[in-house]
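Student: Under the numbering used here, the letters of the sequence shown match residues 220 to 638, in that order. Glycine is no exception: its CB is placed at the ideal position from the N, C-alpha and C atoms. Treat the numbers as computed from the prediction; the structure is a model and nothing was measured.
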Amino acid sequence: MRCLLKPAGSSLVMILLFLASTFQGAAVGHEISIFAQRGDVFHGRTITGNSHEETLISINNQGEVAFIAEVATGPEDHAWVVMTQNRFVAGAGKVVDGVVPRFQEEDNDVWINDLGQVAYSGRVDGGDAVFLDDKMLFQSGNLIAGREAEFHGEGPVVDRFGKVAFRVRLSDPRTSAIVTQHGIVVESGDVIDGFTIESVESPGINGDGHIAFGASTTDSDFRSLFTEDRRLIGPGDVISGIPVTALTSRGNVNRDGIVTAQFVTGTFPDTQGYAATEDEVLLGPGSIVGGLELVSVGPTQMTGDGLLVFLGRAESDDGSAVTHLFAGDEILLSVGDEFDGRTVREIWPSFEINDRGDVVFQVTLDEFEYVILLATVPEPTTMSMLFFGALLMLLPVRTARAARRRRTPGVISNTAVLR
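1. Since Ser395 and Ser418 should fall inside the 8 Å C-beta cutoff, what is the C-beta to C-beta distance between them, to a whole number of angstroms?
2. Between the stretch 443-454 and the stretch 347-365, do at least 3 Cβ pairs fall closer than 8 Å?
3. Note down the Cα distance separating Gly555 from Leu356, rounded to an integer number of angstroms.
4. Considering only the alpha carbon of each residue, which of Arg564, Ala594, Arg561 lies closest to Asp577?
5. Please classify Asn471: does DSSP put it in a helix, a strand, or coil?
6. Whose C-beta lies closer than 6 Å to the C-beta of Asp326 among residues of the same chain, with five residues either side of it excluded?
7. Please report how far the alpha carbon of Ala434 lies from the alpha carbon of Glu295, in whole angstroms.
8. Whose C-alpha, out of Phe441, Tyr493, Glu272, Val508, is nearest the C-alpha of Gln323?
9. In whole angstroms, give me the CA-to-CA distance for Gly470 and Thr479.
10. With a cut-off of 8 Å, do at least 3 Cβ pairs link the stretch 517-535 to the stretch 489-507?
11. What whole-angstrom Cβ distance do Val318 and Ala309 have, given they're in contact under 8 Å?
12. Between the beta-carbon of Leu530 and the beta-carbon of Leu502, is there less than 8 Å?
13. Below 8 Å, how does it come out for the stretch 538-548 and the stretch 561-578: are there three or more Cβ pairs, yes or no?
14. Go through its chain and collect everything with a Cβ distance to Thr562's Cβ below 8 Å, but skip five positions before and after it.
15. Compute the Euclidean distance between the alpha carbons of Gly525 and Ala368, then round it to the nearest angstrom.
16. Tell me the rounded alpha-carbon separation between Asp347 and Ser421.
17. Straight-line CA distance for Ala245 to Glu406?
18. In chain order, what residues of the same chain have a beta carbon less than 7 Å from the beta carbon of Phe286, not counting five sequence neighbours either side?
19. Taking its Cβ as the centre, do 16 or more other Cβ atoms sit within 10 Å of Gly485, making it buried, or is it exposed?
20. Just the Cα atoms here: how many angstroms apart are Gly365 and Pro392?
21. Under three-state DSSP, which class holds His371?
22. For Ser187 and Leu513, what's the separation of their Cα atoms in angstroms?
23. Where does Lys354 sit, in a helix, a strand or coil, going by DSSP?
24. To the nearest angstrom, report how far apart Gln304 and Phe261 are at their CA atoms.
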C-alpha cells in the first residue's frame, strides 16, 4: 500500500506527527458535574431546593437544561420557578402573557426543544395552564375542538417546530385525551391498529413531532405503548421470544421515531423486567453490561445512534442488589459511590438524554440533599481537532495527485461524488 503522506521531507507532516505524539486525545466516557443544588445561584436567584417528589428536568441537543427549582424570593420567602442555565423563564411573580403562573414541586412539568423554547405547566387564577416561553397556550376551561378541556397534569412536551403536546380531560363526552395547541391527537374511544383506547397517559415527543404514549385498552387490564397510528408493544406480544405481560414504563422517542419501553413477563411475584423496542429486547436479567450481570432493568432511553442510557440493578460482592446508571457499557454512577465528598443514596428513575448521549438526572446525596447532575460527552480537545483537521486538509490533495498519476490516458474513470 502506497503511503500518501511522506514520512520525511515534509515539514508539515513532521510537525503533525510531533503534535500527535504530544496532545491528549479526545476523552473517552462521560464527565459528570453538579448542574444545580441548594445554594447555587441562577440569574441572581439562590436555589433553596430541588423537588423531592419528582425530577423536573429536560435537556436539548445543545446541552441546555430546563428545570423547575425552589428559589429564595425574600429573607423567609421561597417560590418554585422555571429556568435554564441561560435564562429565567417564569415564576416568582413574573407576568407571562397577562397572567402570573405559580409552580410547585409536583404536578408540574417542563420540556425544552432544540431552539431553546421551553414548554411548561403551572397554576394560574382559574386553574392549570400550559405555556410555551412567554405565551399561554391553554388554560383549564378552554375549548378544544368545541369541547371544554381540563389540564390533566402530565406533559407538556414540545418539538423543534413549537408543537406542544399534553394530556387533558375532555367533556361531552368525558374522555381522556392527548392534544396539541392545534387540536386532538388521540382520545378515549379511538381505534389504533385495531385496539380501542380507554385512557391515555403522558406523551413523549421527538424533534420532528412524532408522539408516543402509554394507554389502556378496552380488551386488556394492562396498558400498551402507542404512536398516533400504531400499537408498538403490549400484553400478549412476544418480543425476541419473550412474552409481554404488561408495559411498565415508556422511554424516549429518538430522532428516528424509535420508542423504548420497559415491560415485565411472568406473573407476580415472579416477574422479570426487560427493556425493548417494538422489534427486539434490548436488555434484561442476565445481560452483561460494564462487566456486571443485571438482575433487573429500569427506565431506558436510546439515542439515534443506538446508545442506551438506563437504570439497572446488579448484585454486589455481598449479595445485595445495587442500582447503577449506565450509558452503553459505561457505568456513570452507582448507589453507594462517593461524589463531591458525599455518598450517593439514590439515583432517581426519571432522567432525560439528548442525542449526543448527554444525561441530566437527579440523585440524593447523603441525607435529603437533592442534586441535579449533568453527565456530558466531552468534545474533542482543541489540539486533536487541529491535528485531524490538518490531516483531512492534506489527504485529498495527495490523493488527487496520486489518482492523476495512476490514470490511463484515454480512459474516463467513473467518479462517485459524496454530498
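Tutor: In short, the structure shows the following:
1. Here residue 395 corresponds to residue number 176 of the sequence shown, with the count starting at 1. Here residue 418 corresponds to residue number 199 of the sequence shown, with the count starting at 1. Between Ser418 and Ser395 the Cβ distance is about 4 Å, and since that is below 8 Å, they are a contact.
2. Output reads no: the stretch 347-365 does not touch the stretch 443-454.
3. Residue 555 sits at position 336 when you count from the first residue of the sequence shown. Residue 356 sits at position 137 when you count from the first residue of the sequence shown. So the alpha carbons of these two residues sit roughly 43 Å apart.
4. To locate residue 577, count along the sequence shown from 1; it is residue 358. Looking at the Cα atoms, Ala594 is the closest of the given residues.
5. Here residue 471 is taken as the residue at index 252 of the sequence shown, counted from 1. When secondary structure is reduced to three states using DSSP, Asn471 falls in the strand class.
6. Within the sequence shown, numbered from 1, the residue matching residue 326 stands at position 107. Excluding residues within five positions, the ones whose Cβ falls inside 6 Å are Gly372.
7. Looking up residue 434 in the sequence shown gives position 215. Looking up residue 295 in the sequence shown gives position 76. The straight-line gap from Cα to Cα measures roughly 43 Å.
8. To locate residue 323, count along the sequence shown from 1; it is residue 104. Looking at the Cα atoms, Glu272 is the closest of the given residues.
9. Here the question's residue 470 lines up with position 251 in the sequence shown. Here the question's residue 479 lines up with position 260 in the sequence shown. Distance between the alpha carbons of Gly470 and Thr479: 5 Å.
10. Pairwise C-beta distances place the stretch 517-535 in contact with the stretch 489-507, as three or more of them are shorter than 8 Å.
11. One-based indexing of the sequence shown puts residue 318 at position 99. One-based indexing of the sequence shown puts residue 309 at position 90. Contact between Val318 and Ala309 is absent: CB atoms are separated by about 10 Å, not below the 8 Å threshold.
12. Locating residue 530 in the sequence shown gives position 311, counting from the first residue. Locating residue 502 in the sequence shown gives position 283, counting from the first residue. Not in contact: Leu530 and Leu502 (Cβ atoms no closer than 8 Å).
13. Because the criterion of three Cβ pairs below 8 Å is met, the stretch 538-548 and the stretch 561-578 touch.
14. Position 343 of the sequence shown, counting from 1, holds the residue named residue 562. Closer than 8 Å at Cβ, skipping near neighbours: Gly555, Asp556, Leu584, Asp585.
15. As a first step, residue 525 is located in the sequence shown; it is residue number 306 there, counting from the start. As a first step, residue 368 is located in the sequence shown; it is residue number 149 there, counting from the start. Whole-angstrom Cα-Cα distance: 38 Å.
16. Translated into positions along the sequence shown, residue 347 becomes position 128. Translated into positions along the sequence shown, residue 421 becomes position 202. About 16 Å.
17. For the purposes of this step, residue 245 is taken as the residue at position 26 of the sequence shown. For the purposes of this step, residue 406 is taken as the residue at position 187 of the sequence shown. Model confidence at Ala245 stands at a pLDDT of 38, short of 50, so the residue's coordinates are unreliable; what they give is reported in the following sentence. Ala245 and Glu406: Cα-Cα distance of roughly 48 Å.
18. Here residue 286 is taken as the residue at index 67 of the sequence shown, counted from 1. Apart from sequence neighbours up to five positions away, the residues of its chain that approach Phe286 with a beta-carbon distance below 7 Å are Ala255, Leu275, Ile276, Met302, Val329, Ile591, ordered along the chain.
19. Your numbering for residue 485 matches position 266 in the sequence shown. Counting every other CB atom within 10 Å of its CB across the protein chains shown gives Gly485 a total below 16, marking it as exposed.
20. Numbered from its first residue, the sequence shown carries residue 365 at position 146. Numbered from its first residue, the sequence shown carries residue 392 at position 173. Going by the C-alpha atoms only, they are around 11 Å apart.
21. Against the sequence shown, residue 371 aligns to sequence position 152. Coil.
22. No statement about residue 187 is possible, as the shown extent of the chain runs from 220 to 638 and does not include it.
23. Along the sequence shown, one-based indexing puts residue 354 at 135. For Lys354, the three-state secondary structure derived from DSSP is strand.
24. Position 85 of the sequence shown, counted from the first residue, corresponds to residue 304. Position 42 of the sequence shown, counted from the first residue, corresponds to residue 261. Cα to Cα, Gln304 sits roughly 7 Å from Phe261.
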